[in-house]
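Residue numbers (this note's numbering), protein chains in the order written: chain A, 581 to 673; chain B, 581 to 673; chain C, 581 to 673; chain D, 581 to 673.
Protein chains: 4
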Amino acid sequence: MPAYTDHRDEHLRRLRRIEGQVRGLQRMVDEDVYCIDVLTQVSAATRALQSFALELLSEHMSGCVADAARAGTAEGEAKVQEATDAIARLVRS
Amino acid sequence: MPAYTDHRDEHLRRLRRIEGQVRGLQRMVDEDVYCIDVLTQVSAATRALQSFALELLSEHMSGCVADAARAGTAEGEAKVQEATDAIARLVRS
Amino acid sequence: MPAYTDHRDEHLRRLRRIEGQVRGLQRMVDEDVYCIDVLTQVSAATRALQSFALELLSEHMSGCVADAARAGTAEGEAKVQEATDAIARLVRS
Amino acid sequence: MPAYTDHRDEHLRRLRRIEGQVRGLQRMVDEDVYCIDVLTQVSAATRALQSFALELLSEHMSGCVADAARAGTAEGEAKVQEATDAIARLVRS
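Right, here's the structure in full:
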């Protein structure tokens, strides 16, 4: 079971809030709200998604480190590499 | 009327797709999908939001430059400053 | 002459400070400073580069808007497209 | 001794290359090179700094996971938290 399962309700609440932000953006575009104000909302939604990702990553790394402690080195290395790749995608997105 | 009104349908389609990605994230969390796969989807949604922002900004700048050409310098300067501030928020988000 | 020429000395001062930060990073690596502290300095240097880019872009857009006002629409459009492409590279870097 | 010590020469080479890029930027500003071309170089230097950071982080996490495996849980947790904070600074810079 993924490490984030304990926090599932909190994650779902966060994601529903982000979904609400994206629906808000649709309303803004539909009502011809001034472009710069739409962009401000896009930045807010982007930051919310990144915070969610960092939260998830933090939990994954706690779990990952714990698992790697119990498992052998090879599996631990593979998990670290996988996490590092995910971080690179976040940093570059 | 904002410069982006011409492309409103296209913008709304994009935003609905992003809303779908965020709902997909909820489903993934709900079904205990592996954390790294969730993170990959978060990166995809973040990039989609940024592409939308860049598209909007591009249209705004085309309109902004055109308006500044017709209006006087002071208004033009104010619009450039406003756009630059929005860009700074995007770069830092 | 580029729009940023007026601020050349200020830009050079900023860039020399960033060069100093990068040399500081070499010293840290050379002296086996703790990895997390090195990363904190990398983040500081990255932010300094982005601030420089945003400053340069802001000046370019002021000049760009002014030029586009004097020139015809086609040249103005090309300049806006060019600036937007540069912004996209910044947002994604 | 930090985990990155094995790769010190490679890190120093990378950082000297980045220092060269920043000095190149000074030359460009000094010679009034077109602003957009300067911005392209800033994006390249920023990406190079981020790649260096990701490399360093990857090594740190390999070391961190290995250390946490040998040490107790509390120290492991503290190291993961520290790494996550550094990642957050990278993602937001």
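Glycine included, each C-beta is placed from N, C-alpha and C at the ideal position.
Going by CA-CA distance only, name the one from I616(D), Q630(D), D612(D), R588(D) that's closest to I598(D). Checked all of I616(D), Q630(D), D612(D), R588(D); the closest Cα to I598(D) is Q630(D).
Could you name the residues of the region 615-629 of chain C whose beta carbon sits closer than 9 Å to any beta carbon of chain D, in the order they occur along the chain? C615, I616, V618, L619, T620, V622, S623, A624, A625, T626, R627, L629
Give a yes or no on whether the minimum CB-CB distance between H640(A) and chain B is below 7 Å. yes
Please classify A628(B) as buried or exposed, where buried requires at least 16 other C-beta atoms within 10 Å of its C-beta. buried
Between the Cα of Q621(D) and those of F632(C), L619(C), V622(C), V613(C), spot the shortest distance and give me the residue it belongs to. F632(C)
According to DSSP, is S673(C) helix, strand or coil? coil
Assumed close pair I667(D), L595(A) - CB separation to whole angstroms, cut-off 8 Å: Their Cβ separation, rounded to whole angstroms, is 20 Å, which puts I667(D) and L595(A) out of contact at 8 Å.
Can you pull the chain B neighbours of D610(A), defined as C-beta to C-beta under 8 Å? R588, L592
Consult DSSP for E590(D) and reduce its assignment to one of helix, strand or coil. helix
So, does the CB of L595(A) fall closer than 7 Å to a CB anywhere in chain B? yes
When you compare each of R593(B), L592(B), D589(B), S623(B) to L605(B) by their alpha carbons, which one comes out closest? The shortest C-alpha separation from L605(B) is found at S623(B).
A625(D) versus H640(B): straight-line alpha-carbon distance, rounded: 28 Å
Top-ranked residue by Cα proximity to S642(B), from C644(C), L634(C), R588(C), V660(C): V660(C)
Hey, does S673(C) have any beta-carbon neighbour from chain D nearer than 7 Å? yes
Going by beta carbon distance, what residues of the same chain come within less than 6 Å of E662(C), once the five residues before and after it are set aside? Excluding sequence neighbours, E662(C) sits near nothing in its chain.
Is the CB of V660(A) under 7 Å away from at least one CB in chain B? no
DSSP three-state assignment for E611(C), whether helix, strand or coil: coil
Would V602(D) and V602(C) be called neighbours here (beta carbons separated by less than 7 Å)? yes
Pull up the distance between the alpha-carbon of M608(C) and that of E635(C), whole angstroms please. 29 Å
Can you check whether the CB of L592(B) is closer than 7 Å to the CB of V671(C)? no
Does any C-beta atom of chain D lie closer than 7 Å to the C-beta of R634(C)? In the sequence as presented, Arg is not what sits at residue 634(C); that position holds Leu. Residue-level contact check: L634(C) does not touch chain D, since none of the beta carbons of chain D fall below 7 Å from its beta carbon.
For D647(A), which residues of its own chain have a beta-carbon under 8 Å away from its beta-carbon, when the five flanking residues on both sides are left out? E655, G656, K659
Give the straight-line distance between the Cα atoms of M581(D) and D612(C), rounded to the nearest whole angstrom. Bear in mind that the predicted position of M581(D) carries a pLDDT of just 49, short of 50, making it too unreliable to give a figure here.
Close-in-space but distant-in-sequence residues of the same chain around G600(D) (CB under 7 Å, 5 per side omitted): Excluding sequence neighbours, G600(D) sits near nothing in its chain.
Which residues in chain D sit within 8 Å of E599(C), going by Cβ to Cβ distance? Proximity of chain D to E599(C) at the Cβ level (cut-off 8 Å) is accounted for by E599, V602, R603, Q606, in chain order.
Any Cβ of chain B within less than 7 Å of the Cβ of A666(C)? Against chain B, the CB of A666(C) has no partner CB under 7 Å away; the residue lies outside that interface.
D610(C) to D610(D), Cα distance in whole Å? 31 Å
What would DSSP say about M581(B), mapped onto helix, strand or coil? In this predicted model, M581(B) has a pLDDT of only 49, less than 50, meaning its place in the structure is not dependable; the value taken from the coordinates is given anyway. Correct three-state label for M581(B): coil.
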